[in-house]
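K.L.:
Okay, here's the structure, questions in a sec.
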Ligand SMILES: Nc1ncnc2c1ncn2[C@@H]1O[C@H](COP(=O)(O)OP(=O)(O)O)[C@@H](O)[C@H]1O
Ligand SMILES: [Mg+2]
């Protein structure tokens, strides 16, 4: 069956990176004989009434949607219209929210840094209430990681060295969702990115920063192609499965004695760096996976 797909990206963010990702997917889709349109999320208007959930002024709906954005209401609206969306709105929502991700990873008994969720507070209250920081330090030790639930490029991840620094950070983040986390010192300045598609790891790279505890490439880290061992692959695939991702980039930290610890899961990980570094175009595996899934479901 010749399928028609939409590739949705964020029309609001600066830079060519997001369009580039969409175009990589489009090229791969056409290799698999599927015609696609690249659409900005803000070109579509989701409408709701007592009659139906719909999209304003759109006549031809696609057979599938590849959703590279985080506009979860739009992704959900497409699902309500009966269109298969990859990744699903639920997966995008969980992956975007690091606390929700760690909750599912913990429930799947997967290795994660020990994490304590900061209780929700309302920032406009004049009286600020702090959690018991002594108990948190007692549990996690120092230095410790403080991490916002929503963030990327390492920009919302902090390393704190003393209880004073910790208190200052908690005040600074007051009202926002964040967590306290064990610092995995064996992984300082380095991590692994494994790209999972379906139940396979299609490519991997190691990222190393020379002068920062965070390995993010955008924070100045270097990347190199990496051949993960079976254990790393197993953890990454299980992590993807735990949140239900069709495809994702799984970041692993190096634990002690050759073990791996899941750091985060990116449901819409950019694959250009991975291609430059490993020569593997993950878009091919992603589109092959999606198109075959759509075709198989269509013939049922
Ligand atoms: N618990 C931790 N212990 C050691 N390093 C960490 C820990 N959490 C994050 N890091 C480092 O910080 C980087 C960014 O953290 P991450 O949770 O992936 O946030 P982001 O979404 O901003 O990339 C990771 O790639 C890793 O190098
Ligand atoms: Mg990361």
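Residue numbers (full-length UniProt numbering): 1 to 300.
All C-beta atoms, glycine included, are put in the ideal place defined by N, C-alpha and C.
(1) Does the Cβ of residue 251 lie closer than 6 Å to at least one heavy atom of ligand 2?
(2) Quick one: any contact between the stretch 289 to 297 and the stretch 225 to 243, if contact means 3 or more CB pairs under 8 Å?
(3) So does residue 264 have its beta carbon nearer than 6 Å to some heavy atom of ligand 2?
(4) Only counting runs of 3 or more residues, tell me where the beta strand (DSSP E) segments fall wholly within the stretch 8 to 45, in order along the chain.
(5) Fully enclosed by the stretch 45 to 90, which beta strand (DSSP E) runs are 3 residues long or longer?
(6) With three or more C-beta pairs closer than 8 Å as the rule, is the stretch 141 to 151 touching the stretch 163 to 178?
(7) From what residue to what residue does the beta strand (DSSP E) around residue 266 run?
(8) In this structure, does DSSP put residue 207 in helix, strand or coil?
(9) Using DSSP with H/G/I as helix, E/B as strand and the rest coil, what is residue 287?
(10) Quick one, which of 258, 284, 255, 250 has its alpha-carbon nearest residue 268's?
(11) Would you check if the stretch 51 to 58 and the stretch 20 to 34 touch, i.e. whether three or more CB-CB distances between them fall below 8 Å?
(12) Where DSSP assigns a beta bridge to residue 182, which residues make up the other side?
(13) In whole angstroms, what separates the C-alpha of residue 212 from that of residue 138?
(14) Ends of the beta strand (DSSP E) at residue 195?
(15) Report back the beta-carbon spacing between residue 194 and residue 236 to the nearest angstrom; my notes put them in contact at under 8 Å.
(16) Count Cβ pairs between the stretch 102 to 119 and the stretch 254 to 261 that sit closer than 8 Å; are there 3 or more?
(17) Taking residue 158 as part of the beta strand (DSSP E), name the residues at either end of that continuous run.
(18) Candidates 11, 88, 207: which alpha carbon is nearest residue 154's?
(19) Using CA coordinates, which residue listed in 244, 204, 240 is at the minimum distance from residue 279?
P.N.:
With the structure as the only source:
(1) yes
(2) As far as the Cβ criterion goes, the stretch 289 to 297 does not touch the stretch 225 to 243, which means the pair count is below three.
(3) Under cutoff, so the answer is yes.
(4) 35 to 40
(5) 46 to 48, 53 to 55, 64 to 67
(6) yes
(7) 260 to 266
(8) Residue 207 sits in a strand when the DSSP states are folded into three classes.
(9) helix
(10) 250
(11) no
(12) 144
(13) 25 Å
(14) 190 to 197
(15) 4 Å
(16) As far as the Cβ criterion goes, the stretch 102 to 119 touches the stretch 254 to 261, which means the pair count is three or higher.
(17) 157 to 160
(18) If you compare the alpha carbons of 11, 88, 207 with that of residue 154, the shortest gap goes to 207.
(19) Closest by alpha carbon: 204.
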